[in-house]
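Below is one structure, written out as structure tokens; comments come after it.
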Amino acid sequence: MQLFLEPTKNTPYVNMDAHKGIIEFRGVSSPENSLAFYEPVFETLDAYKNTSGTDLEVNMAFVHFNTSSSKCLFDIFKQIKRISNSGREVTINWFYDEYDDDMKEVGEDYSEILDMEFMYHIMDEDE
């Protein structure tokens, strides 16, 4: 299973590849309808649960996201936690701008609420 979405000014770059064990989001997430935008992501994650194989690397590098996207991201992390609980090794990398303490704190909040370990990284200027 694969899902690839090009970024727009309101939606993030999304790359999900079950065979390579990659889930990646980058950019801005403030779509007009977050649930509609993220529906293919939820469906792809459902399919991930039914596959065995490689470890899973999750890379989240958001510059900004709105409140409704935040709820969708929470639901994405819940699905990722289920995948992790099924026996696959999952690494979550949370990238943030070095001057954006709020974005780092959001990652820490997700990590704490969901009892999942996140690795924190400062974004390269190219991201």
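My numbering applies: residue 27 is where the sequence shown begins, and numbers increase by one. All C-beta atoms, glycine included, are put in the ideal place defined by N, C-alpha and C. All values derive from a computational prediction rather than experimental measurement.
Quick one: what does DSSP say residue i is sitting in, helix, strand or coil?
| i | result |
| --- | --- |
| Glu83 | strand |
| Asp101 | helix |
| Tyr74 | helix |
| Thr117 | strand |
| Met42 | strand |
Between which two residues does the beta strand (DSSP E) harbouring residue i extend?
| i | result |
| --- | --- |
| Tyr146 | Phe144 to Ile148 |
| Ser55 | Ile48 to Ser55 |
Determine the closest residue to residue i out of the options, with distance taken between C-alpha atoms.
| i | options | result |
| --- | --- | --- |
| Tyr64 | Thr117, Leu31 and Ile148 | Leu31 |
| Glu143 | Glu83, Thr34, Tyr125 and Asp126 | Glu83 |
| Asp81 | Asp127, Ile109 and Thr70 | Ile109 |
| Met27 | Asn85, Tyr136 and Phe68 | Phe68 |
| Thr117 | Asp128, Ser137, Asp126 and Asp127 | Ser137 |
For residue i, is the classification buried or exposed, using 16 other Cβ atoms within 10 angstroms of its Cβ as the cut-off for buried?
| i | result |
| --- | --- |
| Phe91 | buried |
| Thr93 | exposed |
| Phe103 | buried |
| Pro66 | exposed |
| Ser55 | buried |
| Ala62 | exposed |
| Phe88 | buried |
Spatial neighbours of residue i within its chain, please: C-beta separation below 6 Å, excluding the five flanking residues on both sides.
| i | result |
| --- | --- |
| Asp123 | Met149 |
| Met145 | Asn119 |
| Gln105 | Leu71 |
| Ser60 | Ser94, Ser95 and Cys98 |
| Glu50 | Asn41 and Asn85 |
| Glu115 | Asp81 |
At what residues does the alpha helix (DSSP H) containing residue i begin and finish?
| i | result |
| --- | --- |
| Glu138 | Asp127 to Leu140 |
Near residue i, what residues of its chain come up, given a Cβ to Cβ distance below 8 Å and the 5 sequence neighbours on each side ignored?
| i | result |
| --- | --- |
| Lys130 | Trp120, Tyr122 and Tyr146 |
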